[in-house]
Amino acid sequence: PLLSRLSQTANGNVEAKVVCLFRRRDISGNLNTLADSNARDFEEESKQPTVSEQQKHQLKHRELFLSRQFESLPATHIRGKCNVTLLNETDVLAGYLEKEECFFYSLVFDPVQKTLLADQGEIRVGSKYQAEIPDKLAEGEEDTRIQEKLEVKVWHPDNQLKDPQIDQFLVVARAVGTFARALDCSSSIRQPSLHMSAAAASRDITLFHAMDTLQKNGYDLAKAMSTLVPQGGPVLCRDEMEEWSASEAMLFEEALEKYGKDFNDIRQDFLPWKSLASVVQFYYMWKTTDRYIQQKRLKAAEADNLPSVAAAQSAQWYAWGPPNMQCRLCASCWIYWKKYGGLKTPTQLEGAARSGSVRVNPPSGGRAKLLAKNRQTFILQTTKLTRIARRVCTDILQPRSAARRPYASINANAVKAECMIRLPKATKAPIKNCSIPRPPLATIVKELGKKTVQSQKK
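FYI, the numbering for the sequence shown is 10 to 467, going by this note's numbering.
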């Protein structure tokens with residue numbers, strides 16, 4: 010379901026009003042054929058790049074069908090977040106496979122009428138929808154536009170300063186930034202060493218401020234240096250990476266793990282005291298840190314360690330499909346099936362070979378009836394009286410004879426009643442297990458061979 014809004018009921022519970030979306034497996038075969046035809050037309054019109062058969066199979070799992078059906082569900086049923094977008098002609102279908110939990114839709118499903126219709130929304134792409142570009146100015150013709158309203162000049166490359174002079178001024182700006190951090194108490198705590206302060210002073214924010222200072226002072230080095238070190242003390246320039254505390258950075262990483270790059274939700278739910286521009290700037294600076302690179306490597310290593318679709322071993326196997334087929338999914342395919350409602354590779358029902366991760370053990374003829382039943386795990390825990398009855402009423406139970414006839418019923422209640430009668434008369438000494446000596450295996454095999462020969466002669 011697609012979340013529409015959250016509301017609070019009279020008893021204080023939170024309900025979510027959601028729009029129902031349907032997968033391919035939720036609609037009939039005729040409508041699936043219609044969806045396939047629509048997909049082929051889209052590929053031809055948008056000139057999609059060629060993809061493999063397995064990618065085509067996985068793209069069907071990313072396609073949803075929007076409906077006009079609304080439902081109200083408890084907010085406790087929310088399990089996660091995914092992105093559902095309207096498919097347009099500029100989209101590359103293979104790009105959806107590169108993103109986790111990303112889906113698209115182009116058709117609307119009517120659960121009552123059982124029909125599929127194209128959505129009203131349409132993105133107009135093409136030459137006939139583009140704006141007309143005006144002709145360029147003729148030679149000698151003046152540009153009537155007001156340049157100041159169009160852009161602001163922040164750097165003039167044709168200035169009177171030479172490159173070595175500009176480089177020297179940038180070095181001075183870094184030195185001023187390092188000195189300013191030494192005077193600032195909060196910076197001294199965050200960067201306790203000289204190397205850390207110098208590294209922070211060498212960030213882009215310091216260089217941008219230095220070049221902006223040169224532009225505002227007409228590229229006069231004396232005036233620019235006076236601006237860097239005014240009467241109150243040196244200018245301290247800090248970017249978002251320095252402004253944010255360690256706890257705020259941890260909150261941002263937690264929000265990014267939950268919401269992805271939805272900066273509006275990140276700011277609203279986790280960092281409401283930060284502006285949206287601050288959150289976006291911090292994200293792109295955070296991507297340049299060693300922490301981001303380390304997390305990226307860890308995720309890549311985890312992805313490499315996941316069992317593939319042809320895995321014969323897995324940390325855990327999950328039952329899947331009808332019980333009589335005895336199918337099992339590995340952990341990786343199980344997560345995929347829970348997210349996208351299908352398997353990574355086509356199954357036999359779809360006209361392709363079954364994946365190696367779906368391990369099917371065909372039942373033998375003698376066990377067909379047993380496997381057809383929905384087997385459930387159970388534990389048989391006997392009482393003390395039952396265990397005593399096995400020893401006291403051996404003549405009634407005849408365990409060796411009963412073992413040869415496992416399907417013959419035993420009246421357990423009658424045996425227990427007889428055991429209660431015999432217990433007062435039984436000896437109070439502990440019952441000993443008397444093991445019956447058995448002949449060697451070779452002797453048993455020899456005797457069985459003789460009996461087989463005799464039965465064949467008869």
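From the three backbone atoms N, C-alpha and C, an ideal C-beta is built for every residue, glycine too.
Rounded to the nearest whole angstrom, the C-alpha separation of S76 and R34 is 15 Å. Counting other Cβ atoms within 10 Å of its Cβ, R154 stays below 16 and is therefore classed as exposed.
Along the length of the segment 78-159, whole alpha helix (DSSP H) runs at least 4 residues long occupy 103-106, 156-159, reported in chain order.
According to the DSSP secondary-structure assignment, A25 is paired through a beta bridge with L15, L82. Closest in C-alpha terms to L265, from the list F291, C29, A328, comes F291.
H70 counts as buried, since no fewer than 16 other beta carbons sit within 10 angstroms of its beta carbon. A residue is called buried once 16 or more other Cβ atoms fall within 10 Å of its Cβ, and A44 is buried on that count. Around the beta carbon of A411, a 10 Å sphere encloses fewer than 16 other beta carbons of the protein chains shown; the residue is thus reported as exposed. Pairing E427 with P448, the inter-Cα distance amounts to about 34 Å.
For C194, the closest of E151, Q139, L245 by C-alpha to C-alpha distance is L245. In this structure L125 touches L116 by the C-beta definition: roughly 5 Å separates them, less than 8 Å. Cα atoms of Q78 and T99: separation of roughly 28 Å, rounded to the nearest angstrom.
Where W326 is concerned, there is no enclosing alpha helix (DSSP H), because DSSP gives it neither an H nor an E.
Taken through DSSP and simplified to helix, strand or coil, L30 comes out as strand. In the DSSP assignment, R400 is bridged to no other residue. Rounded to whole angstroms, the separation of the alpha carbons of L260 and R300 is 14 Å. Selection F112, A398, Q156, E151 evaluated against N420 yields A398 as nearest (Cα-Cα).
For the pair M234 and V288, the CB atoms are not nearer than the 8 Å cut-off. Straight through space, the alpha carbons of V401 and P408 are spaced by roughly 12 Å.
Here S256 carries a helix assignment [DSSP, helix/strand/coil]. Within the same chain, and ignoring the five residues on either side of K425 in sequence, the residues whose Cβ sits closer than 8 Å to its Cβ are L394, T395, A398. When the alpha-carbon of E262 is set against those of Q304, L179, V101, the nearest one is in Q304. Rounded to whole angstroms, the separation of the alpha carbons of F279 and K270 is 13 Å. Per the coordinates, the alpha-carbon of G351 lies some 36 Å from the alpha-carbon of W295. Residue pairing from DSSP places L73 in a beta bridge opposite Y114. For L223, the uninterrupted alpha helix (DSSP H) run begins and ends at 213-225, by DSSP. Beyond the five residues adjoining it in sequence on each side, D248 comes within less than 8 Å, by CB distance, of R212, D213, I214, Q290, M294 in the same chain, given in chain order. The DSSP-derived three-state label of L338 is strand. Around the beta-carbon of T187, 16 or more other beta-carbon atoms lie within 10 Å, marking it buried. The DSSP-derived three-state label of R413 is helix. Of V23, L223, V60, K308, the smallest CA-CA separation from W164 is found for L223. Your pair A84 and V23 checks out as a contact, with CB atoms roughly 4 Å apart and the cut at 8 Å.
In the DSSP assignment, V288 falls within the unbroken alpha helix (DSSP H) covering 285-295.
Taking the Cα positions, S136 is about 12 Å away from I142. Counting the other Cβ atoms within 10 Å of the Cβ of L192 gives fewer than 16, which makes it exposed.
Residues of the same chain with their beta carbon placed closer than 6 Å to that of A286 are lacking, with the five preceding and five following residues left out of the count.
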